[in-house]
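Novice: I have a structure here, written as structure tokens, and I will follow up with some questions on it.
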Amino acid sequence: MRNMKSDKTLRLFLGWVLMFCFFLPIQARAGEKKEFNASEMIFGHIGDSYEWHFTDIGDTPVAIPLPIIVYSQVRGEWFLFSSKMVEEGEEYQGFYIAEEGDYSGKVVEKDDSGKEVRPLDISLTKNAVALWINCLLLIALILWCARWYKNKDVSSEAPKGIVGLMEMMISMVYNDIIKANIPVHVHRYAGYLLCAFFFIFFNNLIGLIPGSANITGNIAVTLVLACFTFLMVNLFANGEYWKEIFWADVPWWMKPVMAIVEFLGVFTKPIALMIRLFANIMAGHAALLALISVIFITFSISSVLGSAMTPLTVFFCIFLDCLELLVAFIQAYVFTMLSAVFIGMSIPQHHHE
Amino acid sequence: MFLLTPDSGLIFWMLLAFGVVFFVLAKWGWPVITQMIDSRKLYIDESLQSAREANEKLAKVQEETALMLKQAQEQQSKILAEAMEMRNQIVEKAKTEATTEGQKLLKEAKEQIEKEKESAIRDIRRQVGLLSVEIAEKVLRQNLKTDKDQMAMVDRMLDEIIVDNK
Numbered sequence: 001m002r003n004m005k006s007d008k009t010l011r012l013f014l015g016w017v018l019m020f021c022f023f024l025p026i027q028a029r030a031g032e033k034k035e036f037n038a039s040e041m042i043f044g045h046i047g048d049s050y051e052w053h054f055t056d057i058g059d060t061p062v063a064i065p066l067p068i069i070v071y072s073q074v075r076g077e078w079f080l081f082s083s084k085m086v087e088e089g090e091e092y093q094g095f096y097i098a099e100e101g102d103y104s105g106k107v108v109e110k111d112d113s114g115k116e117v118r119p120l121d122i123s124l125t126k127n128a129v130a131l132w133i134n135c136l137l138l139i140a141l142i143l144w145c146a147r148w149y150k151n152k153d154v155s156s157e158a159p160k161g162i163v164g165l166m167e168m169m170i171s172m173v174y175n176d177i178i179k180a181n182i183p184v185h186v187h188r189y190a191g192y193l194l195c196a197f198f199f200i201f202f203n204n205l206i207g208l209i210p211g212s213a214n215i216t217g218n219i220a221v222t223l224v225l226a227c228f229t230f231l232m233v234n235l236f237a238n239g240e241y242w243k244e245i246f247w248a249d250v251p252w253w254m255k256p257v258m259a260i261v262e263f264l265g266v267f268t269k270p271i272a273l274m275i276r277l278f279a280n281i282m283a284g285h286a287a288l289l290a291l292i293s294v295i296f297i298t299f300s301i302s303s304v305l306g307s308a309m310t311p312l313t314v315f316f317c318i319f320l321d322c323l324e325l326l327v328a329f330i331q332a333y334v335f336t337m338l339s340a341v342f343i344g345m346s347i348p349q350h351h352h353e
Numbered sequence: 354m355f356l357l358t359p360d361s362g363l364i365f366w367m368l369l370a371f372g373v374v375f376f377v378l379a380k381w382g383w384p385v386i387t388q389m390i391d392s393r394k395l396y397i398d399e400s401l402q403s404a405r406e407a408n409e410k411l412a413k414v415q416e417e418t419a420l421m422l423k424q425a426q427e428q429q430s431k432i433l434a435e436a437m438e439m440r441n442q443i444v445e446k447a448k449t450e451a452t453t454e455g456q457k458l459l460k461e462a463k464e465q466i467e468k469e470k471e472s473a474i475r476d477i478r479r480q481v482g483l484l485s486v487e488i489a490e491k492v493l494r495q496n497l498k499t500d501k502d503q504m505a506m507v508d509r510m511l512d513e514i515i516v517d518n519k
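Line by line, the protein sequences give chains A and B.
Start counting the first sequence at 1; every next residue gets the next number (the working numbering).
Start counting the second sequence at 354; every next residue gets the next number (the working numbering).
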């Protein structure tokens, strides 16, 4: 009985998807003026930009212009203007967005010799704005949860709802990742590791919402996170850790080799963290966008092929979205777990007597 | 590859944003929650421990109660048995006492009766003696009415005495 019901629901759902798919080509063709460029679309979505572009309705782009903040080393002064001033190749006070070359897509100016140079650029780009929004949301969420505990003591009931969910996740990170790997000084590291986990997880999840920015899939973001881990590992490391690096417990002729290898390891560990997170999230977004491009590419070949491919593509998109939800958690977990493991290794507690 | 080149502007904003998140949450966010998680864990552990102890105590108490109950029952049956025995003893004693008392009484009564009897017999004897003396007197008076009779009597008696003294 239940099977039949769910079967019916499924069929209804598929019917709707198919109907939607048949209407789609009309819509797509109505807006289709210029050639669809998949790689441009994908990299446009993955990368950063000076404006927050959502979609195009016909030929009109729906985008929020964002502030550009640059310090011109040529002229020696700061400039603040809207990204609207430099859109579509326009020039504003000597600044324009480079179309090609090393600085393609970035705000550049020309120096005295006419060479293209990049000013010091701390523009609030799409990623920077989304980053701030997500960070403020995260702060608000956690502080809101923390507020719940204000007038409570141990004997009061465990929280329910959002606070309960957050407490479950926090205690998961705190007990299973942090305490399990770090034997001493837990409180010195708990703040950072919890921040890292929830920052990554939160940004991963929000990154999956269409129209949002790809923050954790940006190498600048993961670079900073990896640097924090690097500092946390090495700043508080104890003597035994450094001894194990430079004077490992191996035959004497191995010692210099091991010292070099271990010393390189100090840097490769955070670099691996940086690349892993960035690559996973970026690749997930790229794969999703590539799948969506399939619809447009097949329709540009023939509408029959497009109609045939679309249900399959939509199915794969749903599948990939679910997978990305999983990846969003796993990558946050892995980053935090490895950071905790590295920190735990940096404060060994007398392995040998 | 522009994807692999970290943009300095974004690094700056990321440092700032993550620094703010780190600072705010490490100061006002996580400690509150993790402390509560820790203390609640401790509290739960302690509660479990005390519950276990209470259970053990309860079991011990129950055991003790059962033991006490058993002991009380034993005591009760013992007391009952003792009481029964004592009753029997008392009854027995009372019986024997009653018997001896009865016998004593009986004996005393017999003795009394004997005494009475003896005194009565003595009385009767005295009476009989008196009566016989009186009767003898009367008989004698009858027999010794005449002097002849009296002389005969004296003679006879004297003969008898002489005979007796020979």
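Where is the CB? At the ideal position from N, CA and C, for every residue including glycine.
All of these numbers come straight from a predicted model, not from anything done at the bench.
Which residues of chain A have a Cβ atom closer than 7 Å to the Cβ of ASP360/B, listed in chain order?
Specialist: Position 7 of the second sequence, counted from the start, is the residue given in the question as residue 360/B. ASP48 and ALA220, listed in chain order.
Novice: Which ranges does the beta strand (DSSP E) cover as unbroken runs of at least 3 residues, wholly within the segment 417–441 of chain B, from first to last along the chain?
Specialist: Correct list: empty.
Novice: Assign ASN496/B to buried or exposed, taking buried as 16 or more other Cβ atoms, counted over all protein chains shown, within 10 Å of its Cβ.
Specialist: The residue given as residue 496/B occupies position 143 in the second sequence. It counts as exposed.
Novice: What does TYR92/A pair with, by DSSP beta-bridge criteria?
Specialist: Numbered from 1 along the first sequence, position 92 holds the residue referred to as residue 92/A. DSSP output for TYR92/A lists PHE95/A as bridge partner(s).
Novice: If we call anything under 8 Å between Cβ atoms a contact, is ASN218/A one with LEU363/B?
Specialist: Counted from its first residue, the first sequence places residue 218/A at position 218. Counted from its first residue, the second sequence places residue 363/B at position 10. Yes.
Novice: How many whole angstroms separate the CB atoms of MET232/A and ILE343/A, which I take to be in contact at a CB cut-off of 8 Å?
Specialist: Translated into positions along the first sequence, residue 232/A becomes position 232. Translated into positions along the first sequence, residue 343/A becomes position 343. So it is a contact: roughly 6 Å between Cβ atoms.
Novice: Measure the C-alpha to C-alpha separation of ALA451/B and LEU459/B and round it to an integer number of angstroms.
Specialist: Within the second sequence, the letter at position 98 stands for residue 451/B. Within the second sequence, the letter at position 106 stands for residue 459/B. Roughly 12 Å separates the two Cα atoms.
Novice: Report yes or no: is there a C-beta of chain D within less than 8 Å of the C-beta of LEU363/B?
Specialist: Here chain D cannot be found, since the structure's protein chains are A and B.
Novice: Could you name the residues of chain A that SER392/B contacts, counting a contact when the two beta carbons are closer than 7 Å?
Specialist: What you label residue 392/B is simply residue 39 of the second sequence in a count that begins at 1. Chain A residues near SER392/B: VAL154.
Novice: Which residues bound the beta strand (DSSP E) around PRO256/A?
Specialist: In the first sequence, counting from the first residue as 1, residue 256/A sits at position 256. Not the beta strand (DSSP E): PRO256/A falls in the alpha helix (DSSP H), residues 255–301.
Novice: According to DSSP, simplified to helix, strand and coil, what is ILE69/A?
Specialist: In the first sequence, counting from the first residue as 1, residue 69/A sits at position 69. Three-state result, ILE69/A: strand.
Novice: Can you list, in chain order, the residues of the segment 365–399 of chain B whose Cβ is nearer than 7 Å to any Cβ on chain A?
Specialist: Under the 7 Å Cβ criterion, the segment 365–399 of chain B contributes PHE365, TRP366, MET367, LEU368, ALA370, PHE371, VAL373, VAL374, PHE375, VAL377, LEU378, ALA379, TRP381, GLY382, TRP383, VAL385, ILE386, THR387, MET389, ILE390, SER392, ARG393 and TYR396.
Novice: To the nearest angstrom, report how far apart GLY58/A and ILE301/A are at their CA atoms.
Specialist: For the purposes of this step, residue 58/A is taken as the residue at position 58 of the first sequence. For the purposes of this step, residue 301/A is taken as the residue at position 301 of the first sequence. The alpha-carbon atoms of GLY58/A and ILE301/A are separated by roughly 21 Å.
Novice: Note down, in chain order, all residues in the segment 316–332 of chain A with a beta-carbon under 8 Å from any beta-carbon belonging to chain B.
Specialist: Taking 8 Å as the Cβ-Cβ cut-off against chain B, none of the residues of the segment 316–332 of chain A qualify.
Novice: Do LEU291/A and THR313/A have their C-beta atoms closer together than 8 Å?
Specialist: Taking the first residue of the first sequence as 1, we reach residue 291/A at position 291. Taking the first residue of the first sequence as 1, we reach residue 313/A at position 313. Closer than 8 Å, so yes.
Novice: Start and end of the alpha helix (DSSP H) containing HIS45/A?
Specialist: As a first step, residue 45/A is located in the first sequence; it is residue number 45 there, counting from the start. Segment 38–46, the alpha helix (DSSP H) holding HIS45/A.
Novice: Under 8 Å Cβ to Cβ from GLN27/A, same chain only, skipping five residues before and after it: list those, please.
Specialist: Numbered from its first residue, the first sequence carries residue 27/A at position 27. Note on GLN27/A: pLDDT 47, under 50, position unreliable in the model; no value is reported.
Novice: Per DSSP, what are the beta-bridge partners of ALA63/A in this structure?
Specialist: Numbered from its first residue, the first sequence carries residue 63/A at position 63. According to DSSP, ALA63/A bridges with HIS53/A.
Novice: Name the chain A residues whose beta carbon is nearer than 7 Å to that of LEU357/B?
Specialist: Reading the second sequence from its first residue, position 4 is the one you call residue 357/B. What LEU357/B touches in chain A: ILE219.
Novice: If distances are taken between C-alpha atoms only, which option among VAL373/B, SER361/B, ILE386/B and LYS380/B comes closest to CYS382/A?
Specialist: Residue coverage of chain A in this structure runs from 1 to 353, which leaves residue 382/A outside it and unanswerable.
Novice: Beta-carbon separation of CYS195/A and ALA370/B under 8 Å?
Specialist: Position 195 of the first sequence holds residue 195/A. Position 17 of the second sequence holds residue 370/B. Their beta carbons are not under 8 Å apart, which means CYS195/A does not touch ALA370/B by this criterion.
Novice: Within 8 Å (strictly less), CB to CB, does TRP78/A reach chain B?
Specialist: Locating residue 78/A in the first sequence gives position 78, counting from the first residue. Not an interface residue.
Novice: With distances taken Cα to Cα, identify the nearest neighbour of THR358/B among LEU124/A, LEU264/A, ALA220/A and VAL266/A.
Specialist: As a position in the second sequence, residue 358/B is number 5, starting the count at 1. Checked all of LEU124/A, LEU264/A, ALA220/A and VAL266/A; the closest Cα to THR358/B is ALA220/A.
Novice: Compare the Cα-Cα distances from GLY114/A to each of LYS106/A, SER104/A and PHE95/A and report the closest residue.
Specialist: As a position in the first sequence, residue 114/A is number 114, starting the count at 1. Nearest of LYS106/A, SER104/A and PHE95/A to GLY114/A, Cα basis: PHE95/A.
Novice: Return helix, strand or coil for VAL184/A, following the three-state DSSP convention.
Specialist: Within the first sequence, residue 184/A is the residue found at index 184, counting from 1. In the structure shown, VAL184/A sits in coil (DSSP, three-state: anything other than H, G, I, E or B).
Novice: Using C-beta distances below 8 Å, list every residue in its chain close to PHE316/A, excluding the 5 sequence neighbours before and after it, in chain order.
Specialist: Along the first sequence, read from residue 1 onward, the residue named residue 316/A stands at position 316. If we look at PHE316/A and ignore the five residues flanking it on each side, its Cβ neighbours are LEU291.
Novice: Return helix, strand or coil for VAL107/A, following the three-state DSSP convention.
Specialist: Mapped onto the first sequence, residue 107/A falls at position 107. Here VAL107/A sits in strand by DSSP.
Novice: Only counting the same chain, and skipping five residues up and downstream in sequence, which positions put a Cβ closer than 8 Å to that of VAL62/A?
Specialist: Walking along the first sequence from the start, residue 62/A turns up at place 62. Excluding positions up to five away in sequence, the list reads HIS53, PHE54, THR55 and ASP56.
Novice: If you check the beta carbons only, do LEU325/A and LEU136/A fall under 8 Å apart?
Specialist: Counted from its first residue, the first sequence places residue 325/A at position 325. Counted from its first residue, the first sequence places residue 136/A at position 136. The answer is no: Cβ separation not under 8 Å.
Novice: Please tell me whether ILE97/A and PHE81/A are closer than 8 Å, where the distance is taken between their beta carbons.
Specialist: The residue you call residue 97/A lines up with position 97 of the first sequence. The residue you call residue 81/A lines up with position 81 of the first sequence. Cβ atoms of ILE97/A and PHE81/A: not closer than 8 Å.
Novice: With a cut-off of 8 Å on the beta carbons, I'd call GLU40/A and VAL74/A a contact; round off their distance for me.
Specialist: Counting from 1 along the first sequence, the entry for residue 40/A is found at position 40. Counting from 1 along the first sequence, the entry for residue 74/A is found at position 74. 31 Å between Cβ atoms; not a contact.
Novice: Using three-state DSSP, classify SER113/A as helix, strand or coil.
Specialist: Mapped onto the first sequence, residue 113/A falls at position 113. The answer is coil: DSSP assigns SER113/A none of H, G, I, E or B.
Novice: Consult DSSP for SER123/A and reduce its assignment to one of helix, strand or coil.
Specialist: Position 123 of the first sequence, counted from the start, is the residue given in the question as residue 123/A. Of the three classes helix, strand and coil, the one that applies to SER123/A here is coil, per DSSP.
Novice: Please state if the CB of ILE200/A and the CB of LEU120/A are separated by a distance shorter than 8 Å.
Specialist: The residue labelled residue 120/A in the question sits at position 120 within the first sequence. The residue labelled residue 200/A in the question sits at position 200 within the first sequence. Cβ atoms of LEU120/A and ILE200/A: not closer than 8 Å.
Novice: Spatial neighbours of GLY161/A within its chain, please: C-beta separation below 6 Å, excluding the five flanking residues on both sides.
Specialist: Stepping through the first sequence from its first residue, residue 161/A is reached at position 161. Cβ within range, chain order: n/a, list empty.
Novice: Who are the near neighbours of ILE46/A in its chain, counting only those whose CB is closer than 8 Å to its CB and skipping five residues on each side?
Specialist: The count along the first sequence starts at 1 and reaches residue 46/A at position 46. Around ILE46/A: ASN214, GLY217, MET282, HIS285, ALA286 and LEU289.
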